[in-house]
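Colleague: There's a structure below that I have some questions on.
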Amino acid sequence: MSIEVEVHYYEVVEALELYLKENYKMDVDFDIYSENCMLMDAIEVAYHELEPVYKKYKNGRVVKNEYGHPIIDRKKSKNVKKYISFDEGSSFTFHIKNTQGY
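Residues 2 to 103 in this note's numbering are what the sequence shown spells out, letter by letter.
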C-alpha cells in the first residue's frame, strides 16, 4: 500500500521563497499576482529524456525483438535536456511506501 502525495504550484512557490530566505537571506516574492513579484519569467523545470536511436541492419532496416518492437541502441542514444513550464496548473506527485501505517 502506498500514499500519494501531491504538492501544488503555490506550495512549491512558498517552499522556494522560504528556502531562499533561510539559506541565502533573500526576501523574495514569487506571487505572480502581486505588484512586488520578482519572477522574470515562468518557473521552468529541466529534465533529461533519452532520445532513442534504434539498431539497424546493414541495409537500413530497423532491428526488432521477438515481440516486433524496435531495439534501442543504448551506446548511440543520448540523454537530451528538456524543459517544461511549471505554472498554476502544475503539481508534483509521488508515492510513498506505507510501511509505518500512516
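For glycine and all other residues, C-beta sits at the position ideal for the given N, C-alpha and C.
Can you tell me whether Val54 is buried or exposed, with buried defined as 16 or more other CB within 10 angstroms of its CB?
Modeller: On the sequence shown, residue 54 is found 53 positions in, with the first residue counted as 1. The residue in question, Val54, is exposed, as its Cβ has fewer than 16 Cβ neighbours within 10 Å.
Colleague: Can the beta-carbon of Tyr10 be found less than 8 Å from the beta-carbon of Asp88?
Modeller: If you number the sequence shown from 1, residue 10 lands on position 9. If you number the sequence shown from 1, residue 88 lands on position 87. Yes, the pair counts as a contact, with Cβ atoms nearer than the cut-off.
Colleague: Three-state secondary structure (DSSP) at Val54?
Modeller: Taking the sequence shown and counting its residues from 1, one reaches residue 54 at position 53. Here Val54 sits in coil by DSSP.
Colleague: What runs of the alpha helix (DSSP H), each 4 residues or longer, lie entirely inside the segment 19–75?
Modeller: Taking only runs of at least 4 residues, no alpha helix (DSSP H) segment lies wholly in the segment 19–75.
Colleague: Please return the same chain residues whose Cβ sits closer than 8 Å to the Cβ of Lys65, not counting the five positions on each side in sequence.
Modeller: To locate residue 65, count along the sequence shown from 1; it is residue 64. Taken in chain order, the residues that qualify are Pro71, Ile72.
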